[in-house]
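Just so you know, the protein sequences line up as chains A and B, in that order. Using numbering that gives the first Met the number 0, read the first sequence as starting at 0 and increasing by one per residue. Using numbering that gives the first Met the number 0, read the second sequence as starting at 0 and increasing by one per residue. We put the CB at the ideal spot given by N, CA and C, even for glycine. Accompanying notes for the structure given below.
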Amino acid sequence: MSAPADRRGWTPLWFGAPAVLGLGLFVVLPFVMALILTFTDQRLVSPAPGAFVGLRNYDRLLSVSALVQNPVRDGVPVYARVRSVTRTKRAYLGYRPLAGFGLGRRRVTILAKDPAFLKALGNTFAFAVMVVPLQCGVALGLALLVNAGLRGQTVFRAVYFSPVVMSMVIVSVVWAFLFDRDLGLINQALGALSCGLIKPIDWLGNPSTAMPAIVIMSAWQGAGFQMLILLAGLQGISRELYDAARIDGASPWQCFWHITVPGLRHTIGFVLVVTTIAALGLFTQVDVMTGGGPRGATATVMFEAVQHGVREGNIAYGATISVVYFALITILILIQQLMQRRRVGEAA
Amino acid sequence: MTPAQRHTIPLRLALYAMMAVLAAIFLFPFLFMLASSFKGNDAIFADGATLRAVLPVGDLTTANYAHAFARGHIGHYFINSLVITVTTVALGLLVNSLAAFALARLAWRGKGAVLTLLVILLVVPFEAISVPLMVLVAKLPGVMFGVDGLVLTRSWLDTLYVQIVPFVANAFSIFLFYQFFRDIPKDFDEAAYVDGATPLQVYAHVIVPASLPVFATVTILQALAMWNQYLWPLITVPGEAARPLMIGMEQFFGARRTAWGEVMAYAALITVPVLIAFIFFQRWFVRSVVGSGVKG
């Protein structure tokens, strides 16, 4: 009988070989390639291998500087043109303006070598900061509603979840119409509900409303997913806790704060992290609905990576954006792990 | 006493009202899509202002659907998406469950290191490797059916298999299988080994039959991800022959004068099969989402 021997030796390797080959070739190798590409000037169509350029891609991507100017004329202050400074002064060579503000009589201009990327980075964070609380808050509300013990709640649960199974491309196309300034249902509904007080909004055409519009749509599409996970968390809380609290005369509000919230803490933490990571990868909605516009207001990190790496054929620069994106996600996960460990430490 | 009996009648009515309003918000884009798919542009624009927008009323036509098939080649793209999804999921179930079996039920040196590596791979988002992965597959040698039989090609771009092969092995699927297999009592396979079974027989006759829920979970999660894929085919499949449904959508949208009825018909044709599957297998969908969330 050599059965136990079969379970050691070479057998496990054969079982795992296809998966290891697949993951090695299509996950690990591209990742290593990405790291190497970031130090080159490789292009998509050029057959020649790229030349080594050191940290130039990172320098272009991340360089930030500030230009402080005194007015050249007093009274109504007038300043020298930023472009004339960045063209002549060596220290500012290659920089373009990102943002500016007044500081007393001086004017401060934030400069960057790739202002579009830094703007996209800011947009991506802004999206996450808006969508994560909205989506998770809605999801928690939905989970509480369909957990209230009413008849027919499984039907409502299915309705709230149904957008999750729809493709983001389809959702984006349908909502692009709903957001239309003149024809869209959303402006019509807002106008009707406010008796005409709210004037039609050019949701996707206005830089200040385009990202919030994408936030609303994304939360609508995704909330059902978090609802189900939170629902499982809710059902894991012992009924006896609620019964005991009610006997002691606790109000529903007290029950929520002192039983539901602590009981859901781990689930909420998990949901927040997963939603944040997904939010930072924002691409499809932007690509379909706005193409990064208007005036770069909805461009995101992933959108910039595809824009440079694929559409402009600058693979090395696209890969650099990918690597920076991965570093961001890793830092986020490390912070979350640290916080979790500290909390476990406190509990012990 | 069930929770429902504790609610007073006014409270219960208020809760139902809230759920109904929310249901309307969650359903109206879908109803709008369905209703508009039977209307021409003029009717869609005229109805936009009223509730008629979400109702199938007025001059209804099935011309949009006819166009989706005739001009939109939706049948062709549908078959592409179906082949991609079914093949990837089927191969993935086999490859990933076998790997998880080796990790969870067999003893071998280096297992701990492989598990750690797997957890690291779990956090690599696909977006982060998509651009370099495209560079890689653009240079891999492949085969294609040409006019004179099989021909060797120098790139995977613009094929069906570029949309399949990279997604068969999946760290998250392996992890889900691994967690499930680990919790099956060891006595099961010990008994089989005593009877002289090989590891492959134990996998096929003991582990797989005991693990149908996790197979369903992985099937649903992977099938949804593959069916809805957008970024990857967008950058690797420029041509029409291997184009999947989601990319086919672009030809309607963003044109100078968008034929919205056709867009909505196309969208409905992509969405309805998935929604039907969802309604039939709702319990499994719910379980797969919850299962994907337990890992934390």
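Examine chain A for any beta-carbon lying closer than 8 Å to the beta-carbon of A240 (chain B), and answer yes or no. Translated into the one-based positions of the second sequence, residue 240 (chain B) becomes position 241. No, its Cβ sits nowhere closer than 8 Å to a Cβ of chain A.
Using a Cβ-Cβ cutoff of 8 Å, what residues of the stretch 214-237 of chain B are near chain A? List them in chain order. Listed by position along the chain: L223, W226, N227, Y229, L230, L233, I234.
Chain B partners of G221 (chain A), CB-CB under 7 Å? Within the first sequence, the letter at position 222 stands for residue 221 (chain A). Annotation: G221 (chain A) has no Cβ neighbours in chain B at a cutoff of 7 Å; minimum Cβ distance is about 11 Å.
L233 (chain A) versus A22 (chain B) - alpha carbon distance: Locating residue 233 (chain A) in the first sequence gives position 234, counting from the first residue. Locating residue 22 (chain B) in the second sequence gives position 23, counting from the first residue. For the pair L233 (chain A) and A22 (chain B), the Cα-to-Cα distance works out to about 21 Å.
For chain A, find out if any of its Cβ atoms is closer than 8 Å to the Cβ of E126 (chain B); answer yes or no. Translated into positions along the second sequence, residue 126 (chain B) becomes position 127. Cβ-Cβ to chain A under 8 Å: yes for E126 (chain B).
Whole alpha helix (DSSP H) runs in the stretch 66-123 of chain B with 4 or more residues, listed along the chain? Runs of the alpha helix (DSSP H) inside the stretch 66-123 of chain B: 73-104, 110-121.
P315 (chain B) at chain A interface by Cβ criterion, 8 Å: Look at the range of chain B in this structure, 0 to 295, and you will see that residue 315 (chain B) is not part of it.
Look up I183 (chain B) in the DSSP assignment and say whether it is helix, strand or coil. In the second sequence, residue 183 (chain B) corresponds to position 184, counting from 1. I183 (chain B) sits in coil when the DSSP states are folded into three classes, being neither helix nor strand.
Are the Cβ atoms of V168 (chain A) and M225 (chain B) separated by less than 8 Å? Numbered from 1 along the first sequence, position 169 holds the residue referred to as residue 168 (chain A). Numbered from 1 along the second sequence, position 226 holds the residue referred to as residue 225 (chain B). No, the Cβ-Cβ distance between V168 (chain A) and M225 (chain B) is not below 8 Å.
Which runs of the beta strand (DSSP E), 3 residues or longer, sit entirely within the stretch 63-116 of chain A? Whole beta strand (DSSP E) segments, 3+ residues: 63-68, 95-102, 105-111.
Counting Cβ pairs, one atom from each stretch, are 3 or more of them under 8 Å apart for the stretch 21-33 of chain A and the stretch 107-125 of chain B? Touching, per the Cβ criterion.
Selected residue, minimal CA-CA separation from P208 (chain B), among B:I219, B:P131, B:F187: Taking the first residue of the second sequence as 1, we reach residue 208 (chain B) at position 209. Residue B:F187 holds the alpha-carbon nearest to the alpha-carbon of P208 (chain B) among B:I219, B:P131, B:F187.
Between the stretch 172-188 of chain A and the stretch 201-211 of chain A, do at least 3 Cβ pairs fall closer than 8 Å? Three or more pairs of CB atoms, one per stretch, sit closer than 8 Å, so the stretch 172-188 of chain A contacts the stretch 201-211 of chain A.
Using CA atoms only, rank isn't needed, just tell me which of B:A258, B:I219, B:I278, B:F179 is closest to H66 (chain B). Working through the second sequence from its first residue, we reach residue 66 (chain B) at position 67. Measuring from the Cα of H66 (chain B), the nearest candidate turns out to be B:A258.
Cα-Cα separation between V173 (chain A) and L149 (chain B), rounded to whole angstroms: Numbered from 1 along the first sequence, position 174 holds the residue referred to as residue 173 (chain A). Numbered from 1 along the second sequence, position 150 holds the residue referred to as residue 149 (chain B). Looking at the two C-alpha atoms, the distance is approximately 42 Å.
Using a Cβ cut-off of 9 Å, pull out every chain B residue sitting near T108 (chain A), in sequence order please. Position 109 of the first sequence, counted from the first residue, corresponds to residue 108 (chain A). Against chain B, a Cβ distance below 9 Å from T108 (chain A) picks out nothing, because the smallest value is about 32 Å.
At least one CB of chain B closer than 8 Å to the CB of G159 (chain A): is that the case? Counting from one through the first sequence, the residue named residue 159 (chain A) turns up at place 160. The identity of residue 159 (chain A) in the sequence shown is Tyr, whereas the question assumes Gly. It does: the Cβ of Y159 (chain A) has a partner Cβ on chain B nearer than 8 Å.
Along chain B, in chain order, which residues have C-beta atoms closer than 9 Å to that of M32 (chain A)? Looking up residue 32 (chain A) in the first sequence gives position 33. Close partners of M32 (chain A) in chain B (Cβ separation under 9 Å): I128, P131, L132, V134, L135.
Answer with buried or exposed for A266 (chain B), where buried requires no fewer than 16 other C-beta atoms within 10 angstroms of its C-beta. In the second sequence, the residue the question calls residue 266 (chain B) occupies position 267. Around the beta carbon of A266 (chain B), a 10 Å sphere encloses 16 or more other beta carbons of the protein chains shown; the residue is thus reported as buried.
From D194 (chain B) to W9 (chain A), what distance separates their C-alpha atoms? Within the second sequence, numbered from 1, the residue matching residue 194 (chain B) stands at position 195. Within the first sequence, numbered from 1, the residue matching residue 9 (chain A) stands at position 10. Each residue's Cα considered, the two are about 21 Å apart.
What separation, rounded to the nearest whole angstrom, lies between the Cα atoms of A241 (chain B) and L159 (chain B)? Locating residue 241 (chain B) in the second sequence gives position 242, where the first residue counts as 1. Locating residue 159 (chain B) in the second sequence gives position 160, where the first residue counts as 1. Their backbone Cα atoms lie some 5 Å apart in a straight line.
Look at the Cβ atom of W283 (chain B), then the Cβ atom of P11 (chain A), and state whether they are nearer than 8 Å. Translated into positions along the second sequence, residue 283 (chain B) becomes position 284. Translated into positions along the first sequence, residue 11 (chain A) becomes position 12. No, the Cβ-Cβ distance between W283 (chain B) and P11 (chain A) is not below 8 Å.
Let me check understanding here. Comparing Cα to Cα, which of B:V164, B:A137, B:A168 lies closest to R153 (chain B)? On the second sequence, position 154 is the one that residue 153 (chain B) refers to. Checked all of B:V164, B:A137, B:A168; the closest Cα to R153 (chain B) is B:A137.
Note down, in chain order, every chain B residue with its Cβ under 9 Å from the Cβ of P114 (chain A). As a position in the first sequence, residue 114 (chain A) is number 115, starting the count at 1. Within chain B, no residue comes near P114 (chain A); the closest Cβ sits about 21 Å away, beyond 9 Å.
Using a Cβ-Cβ cut-off of 8 Å, state whether F224 (chain A) counts as contacting chain B. Position 225 of the first sequence holds residue 224 (chain A). At a cut-off of 8 Å between beta-carbon atoms, F224 (chain A) makes contact with chain B.
Considering only DSSP beta bridges, list what T39 (chain A) is partnered with. Start at 1 with the first residue of the first sequence, and residue 39 (chain A) comes out as number 40. Within the DSSP bridge table, the entry for T39 (chain A) names A:F51 as partners.
By how many angstroms is the C-alpha of L114 (chain B) removed from the C-alpha of F100 (chain B)? By 1-based counting over the second sequence, the position of residue 100 (chain B) is 101. By 1-based counting over the second sequence, the position of residue 114 (chain B) is 115. If you take the alpha carbons of F100 (chain B) and L114 (chain B), they lie about 12 Å apart.
Using a Cβ distance threshold of 8 Å, determine whether the stretch 259-267 of chain A contacts the stretch 78-93 of chain A, with at least three qualifying pairs required. Short answer: they don't touch.
What residues of chain A sit near W155 (chain B), judged by a beta carbon separation below 9 Å? Looking up residue 155 (chain B) in the second sequence gives position 156. Those within 9 Å of W155 (chain B) in chain A number zero; the least Cβ separation is about 11 Å.
Buried or exposed for W231 (chain B), going by 16 or more other Cβ atoms inside 10 Å? As a first step, residue 231 (chain B) is located in the second sequence; it is residue number 232 there, counting from the start. It is buried - the Cβ of W231 (chain B) has at least 16 other Cβ atoms within 10 Å.
Taking only beta carbons into account, state which residues of the stretch 14-29 of chain B come closer than 9 Å to chain A, listed in chain order. If the cut-off is 9 Å between Cβ atoms, the stretch 14-29 of chain B has L14, Y15, M17, M18, A19, L21, A22, I24, F25, L26, F27, P28, F29 near chain A.
Taking 8 Å as the CB-CB cut-off, is L12 (chain B) touching chain A? Here residue 12 (chain B) refers to the residue found at position 13 of the second sequence. Output row for L12 (chain B): interface = no.
Could you round the C-beta distance between A127 (chain A) and L279 (chain A) to whole angstroms and report it? I think they count as a contact, below 8 Å. As a working mapping, residue 127 (chain A) is identified with position 128 in the first sequence. As a working mapping, residue 279 (chain A) is identified with position 280 in the first sequence. With a beta-carbon spacing of about 6 Å, A127 (chain A) and L279 (chain A) fall inside the 8 Å limit used to define contacts.
Short of 8 Å Cβ to Cβ, which residues in the stretch 187-198 of chain B face chain A? Flagged, chain order: Y192, V193, G195, A196, T197, P198.
So, for A103 (chain B): in the same chain, excluding its five sequence neighbours on each side, which residues have a beta-carbon less than 6 Å away from its beta-carbon? As a working note, residue 103 (chain B) is residue 104 in the second sequence. Only Y177, F180, R181 meet the Cβ criterion.
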